[in-house]
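Residue numbers (this note's numbering), protein chains in the order written: chain L, 1 to 452; chain E, 1001 to 1452.
Here a beta-carbon is modelled for each residue, glycine too, at the ideal position from N, C-alpha and C.
Source: prediction; values computed, not measured.
Encoded as structure tokens, the structure appears first; notes follow it.
Protein chains: 2
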Amino acid sequence: MIWSNFAPDRSRKEPLYLQLSEFIREEIRQSRALPGTRLPSVRELASGLGLSRTTTETCYSKLAAEGYLVSKPQSGYFVADLEVRPPAEQNFSTTRAETPVRYDFANNYVDGTTFPSVIWRRHLGRALQAREALTGYGEPQGEPVLRQVLAEYSHESRGVVAQPEQIVISAGVQSLFVLLAALLGDRLFHGRRAIAWERPGFAQGEEIFRRQGWDLSHFDVEDLDRAEARLLYVSPSNPYKGRSLTPEQRRRLLRWTREHDGYILEDDYNGEFRYFATPVSSLQGMGDGEHIVYLGSFSRLLFPSLRISYMVLPPGLLPDYQCLARLYNQTSSTVEQLALASFLREGHLRRHVKKLRRLYRRKGELLQRALARYFGHTAAIRGYESGLHMRIAVAGPWDAATLAAKAEAAGVRVRPVPVSPSEPEAEILLSFAGIGEEDIEPAVALLRKAWQ
Amino acid sequence: MIWSNFAPDRSRKEPLYLQLSEFIREEIRQSRALPGTRLPSVRELASGLGLSRTTTETCYSKLAAEGYLVSKPQSGYFVADLEVRPPAEQNFSTTRAETPVRYDFANNYVDGTTFPSVIWRRHLGRALQAREALTGYGEPQGEPVLRQVLAEYSHESRGVVAQPEQIVISAGVQSLFVLLAALLGDRLFHGRRAIAWERPGFAQGEEIFRRQGWDLSHFDVEDLDRAEARLLYVSPSNPYKGRSLTPEQRRRLLRWTREHDGYILEDDYNGEFRYFATPVSSLQGMGDGEHIVYLGSFSRLLFPSLRISYMVLPPGLLPDYQCLARLYNQTSSTVEQLALASFLREGHLRRHVKKLRRLYRRKGELLQRALARYFGHTAAIRGYESGLHMRIAVAGPWDAATLAAKAEAAGVRVRPVPVSPSEPEAEILLSFAGIGEEDIEPAVALLRKAWQ
């Protein structure tokens, strides 16, 4: 067994001993070299393959260290018995495409055409100069400079009241939920860990809490007294609702925190994009500072692939957070944190959001016009306040799921709205932010045909 | 109450109605405007402050929408009763610095001086052009192009056997643990969720599993039969151990998976940096392809602040993973994923690792020489195989914790090694990757003085 079928490739950068190791490893894994087989000596193999003895020697000792070979003193190397069968060839079927989706109203995409990528790249480049910050793991809580900027930004844009010490940065709201489920469970709810989610709920968040042993339930803000938990999750600009809390509901939530010593997770997803009314500021800024955790994100403002979210913790939770923090590394990229800090500080986000508001308002108008033209009175707009989504009710014999299926078959993807007992109509959610302006009318025309 | 102390600032970009809202909000929050107080009419306030009526009207309706004001038909606006006291001024004490640490052997820093930041910036810039990828949330599993590259890279550099479909990308190994605790718990261990960690364990990983309801225990690879779980965590290049598995131990682990239908999480942290011996390839590549989950990371190779880790799932777990995946967003930045893919593909990582190996070898030699010079036979090197850390045993009356405290008092931070029953000596871990070459000797001299 001199493996004369081994063909060293001297043009490759990989050293020959590695090429040889890989070759022999495969021979063993594929059972072409069987357990117990004695290998040629270092010298034999070297001369047989025209390699140096160093090469074959290094190769053998590597394979022995890995356990593929066994070295027996005075008698040489033998193929080890791994006692496992190598995996069969894997075939991963890639059967995906059914009807191609031409227009997708069901995604969370944003419009990337206005994104100031040249400016962003400049800030990234500048952030990359910060060598000290890049060679460490970063502060678990997030880069101090970004937390400083976020304290100011969230105050100005959303009325949040926070010191930089209260801010925790993370890659996406899910990582924040992982932390919160741990933090709140330990501190506040060791007796009974229960959280109630504003209907229709938020599957990704619920999953995290459920897996950490929390009891889950749902509630309606109109029916707050029925909430079965001391911790509530609300998302005032939740696109599924398509409307925001009334002033009275906001006050009632605050009263609830006081009367039940209850806590609220305020997820401000989408908060910046209410353009009929002036954006309403956060609940957090109205509270007593101790009962509301504010959650903010930049996925809608810049681009979703920038994974930076943040939360504002009440000061009373900070000591416990500090204990937990060393167990949770920062997940957000330091470079992007630093870039975002200077980007925000120079006012680029404000300018960008202004552009986006104009753009999305235009798209919303186009969508309204197209709906009126193709559907007339058979489609009614039910919710549009939240900005990037339009919720419509479609008259006719079909329920929401059927409507969505018919649309999909016609090449348009839409989302059926979960039915709530108070609204039995078939409702569909159209997320139009990621649809090109020129595509809106043809997409609605297709919907009309599909739903005839 | 005309708020004559309100001073509009027309040079600010913020519109006047927002400035006024913020001002009134603070008046209410600070209880200077009390609940039930009637506000001046829109017209009165406008003329009193020299503002337009649109400005004051917009301001009032914003505050009413937020719940700070109540609008009563025919009689105007009143301050609402929020029933909560505003938070007291927060003072976050920043008492941190005791003795300043001059030399830190206890961090996870790497040497950033050799990092090819110009090249990296070029790849980031190129990735930023990929507009389509950036405006979506990205594939939950990670960008396909990076998974393709990682399948090749992990095979070449670590002997991992994987198809791109098996690779899951995430921001740091913790997010992968969150997923794994969910995935393996559902599928494999619904009866009894138990995981055993190779001693001395991994606090951050254990936290995640514990919180998802797993039973934890510890085991030694030498004493595998005592492991009390069907899921084992091993970290063959764990710096705390300072030595890698013997070939026989590697084979025994594989045998264990077969005999117990057991699973192994192989955390290859640091795997690339064994430079005395040739790097030993992964366990995963030796197995049957179904029982080992391989975990890899780039924090040591590029820089820790780049939050990209990955795992290779056995094909049998993929269907369950696909079900879970929609509940877990991708946490890693898309731009950095794309940049890493092209960076790897062009061979820059290989070149960089070569440079790092040389650099760290030089630092290791400097440290050995300094230890010999200042300690002679009173300090013995116990482990150094793993590359970036040196484990030393210090003769004398003190235990490891005392040694670490004495060093810290002298301005040198070191890590005491958790005591294992088989090694009663006082052992200290020196992580030297982040220490400058010129600092090594003075740091060791300080240690000598501290431990006299």
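For residue i, which three-state DSSP category applies?
i: L:W214; result: coil
i: E:D1320; result: helix
i: L:W451; result: coil
i: L:D225; result: helix
i: L:D267; result: strand
i: E:S1431; result: strand
i: E:K1406; result: helix
i: L:W197; result: strand
i: L:A379; result: strand
i: E:P1304; result: coil
i: E:P1015; result: coil
i: L:V168; result: strand
i: L:S71; result: strand
i: E:Y1103; result: strand
i: L:F219; result: strand
i: E:F1178; result: Per the sequence presented here, residue 1178 of chain E reads as Val, with Phe not at that position. Correct three-state label for E:V1178: helix.
i: L:P457; result: With chain L covering 1 to 452 only, the question about residue 457 of chain L has no answer from this structure.
Counting along the chain, where does the beta strand (DSSP E) carrying residue i start and finish?
i: E:V1394; result: 1389 to 1394
i: E:S1342; result: Counting along the chain, E:S1342 falls outside any beta strand (DSSP E), though it belongs to the alpha helix (DSSP H) covering 1334 to 1345.
i: L:Y294; result: 292 to 297
i: L:Y60; result: Here L:Y60 belongs to no beta strand (DSSP E); instead the alpha helix (DSSP H) covers 53 to 66.
i: L:L232; result: 231 to 234
i: E:G1076; result: 1076 to 1079
Would you say residue i and residue j are within 8 angstroms of each other, going by their C-beta atoms?
i: L:V394; j: L:I440; result: no
i: L:G138; j: L:T334; result: yes
i: E:S1431; j: E:A1106; result: yes
i: E:L1446; j: E:Y1103; result: yes
i: E:V1221; j: E:L1254; result: no
i: E:A1443; j: E:L1388; result: no
i: E:Y1263; j: E:L1231; result: yes
i: L:F266; j: L:Q249; result: Correcting the residue type first, residue 266 of chain L is Glu in the shown sequence and not Phe. No; because the gap between Cβ atoms is not below 8 angstroms, this pair is not in contact.
i: L:S332; j: L:I308; result: yes
i: E:S1305; j: E:Y1269; result: no
i: L:R192; j: L:G185; result: no
i: L:E26; j: E:P1247; result: no
i: E:E1198; j: E:S1235; result: yes
i: L:L359; j: L:V149; result: no
i: E:Q1141; j: E:V1168; result: yes
i: L:T257; j: L:G213; result: no
i: L:A400; j: L:I392; result: no
i: L:L82; j: L:I24; result: no
i: E:G1436; j: E:F1303; result: no
i: E:R1043; j: E:R1053; result: yes
Is any heavy atom of the ligand GDP found at a distance shorter than 7 angstroms from the C-beta of residue i?
i: E:A1133; result: Ligands are entirely absent from the displayed structure, and the ligand GDP is therefore not among its contents.
Need the endpoints of the alpha helix (DSSP H) that residue i sits in, please.
i: L:S118; result: The sequence as given places Val at residue 118 of chain L; Ser does not occur at that position. Element bounds for L:V118: 117 to 127.
i: E:S1309; result: That residue, E:S1309, is in no alpha helix (DSSP H); its beta strand (DSSP E) goes 1309 to 1312.
i: E:Y1153; result: 1144 to 1158
i: E:V1042; result: 1042 to 1049
i: E:Q1249; result: 1247 to 1260
i: E:L1134; result: 1131 to 1135
Within 9 angstroms of chain L by C-beta, residues of the segment 1317 to 1336 of chain E in sequence order: If the cut-off is 9 angstroms between Cβ atoms, the segment 1317 to 1336 of chain E has L1318, L1324, R1326, L1327, Y1328, N1329, Q1330, T1331, S1332, S1333, T1334, V1335, E1336 near chain L.
The segment 1011 to 1025 of chain E contacting the segment 1042 to 1059 of chain E, beta-carbon criterion three pairs below 8 angstroms: Verdict: yes, contact present.
Three-pair Cβ contact test at 8 angstroms for the segment 1336 to 1344 of chain E versus the segment 1404 to 1413 of chain E: Taking 8 angstroms as the limit for Cβ pairs, the verdict is that the segment 1404 to 1413 of chain E does not touch the segment 1336 to 1344 of chain E.
Inter-stretch contact at 8 angstroms, needing at least 3 Cβ pairs: the segment 340 to 356 of chain L / the segment 148 to 160 of chain L: Cβ pair count under 8 angstroms is three or more, so yes.
Three-pair Cβ contact test at 8 angstroms for the segment 165 to 184 of chain L versus the segment 196 to 216 of chain L: Touching, yes.
Any 3 or more C-beta pairs closer than 8 angstroms across the segment 303 to 318 of chain L and the segment 160 to 172 of chain L: Enough Cβ pairs lie closer than 8 angstroms, so yes.
Members of the segment 1399 to 1412 of chain E near chain L, C-beta cut-off 8 angstroms: Listed by position along the chain: nothing, the set is empty.
Three CB pairs or more closer than 8 angstroms across the segment 1136 to 1152 of chain E and the segment 118 to 125 of chain L: Too few Cβ pairs lie closer than 8 angstroms, so no.
Where the segment 12 to 23 of chain L meets chain E: residues whose CB sits under 9 angstroms from a CB there: Taking 9 angstroms as the Cβ-Cβ cut-off against chain E, the residues of the segment 12 to 23 of chain L that qualify are K13, E14, Y17, L18, S21, E22.
Members of the segment 1052 to 1066 of chain E that neighbour chain L once the beta carbon cut-off is set at 7 angstroms: Within the segment 1052 to 1066 of chain E, T1058, K1062, A1064, A1065, E1066 place their CB atoms closer than 7 angstroms to a CB of chain L, listed in sequence order.
contact_flag[the segment 1071 to 1085 of chain E, the segment 1036 to 1044 of chain E] where n(CB pairs < 8 angstroms) is 3 or more: Cβ pair count under 8 angstroms is three or more, so yes.
Within 9 angstroms of chain L by C-beta, residues of the segment 1169 to 1180 of chain E in sequence order: Going along the segment 1169 to 1180 of chain E in chain order, one finds S1170, A1171, G1172, V1173, Q1174, S1175, V1178 with a Cβ nearer than 9 angstroms to chain L.
Contact residues within the segment 128 to 143 of chain L, judged by C-beta distance below 7 angstroms to chain E: Of all residues in the segment 128 to 143 of chain L, L128, R131, A133, L134, T135, G136, Y137, G138 have a Cβ within less than 7 angstroms of some Cβ in chain E.
Members of the segment 1188 to 1205 of chain E near chain L, C-beta cut-off 8 angstroms: Taking 8 angstroms as the Cβ-Cβ cut-off against chain L, the residues of the segment 1188 to 1205 of chain E that qualify are A1203, Q1204.
Residues in the segment 243 to 271 of chain L having any Cβ partner in chain E nearer than 7 angstroms: So the list reads P247, R250, R251, L254, R255, R258, given in the order they occur along the chain.
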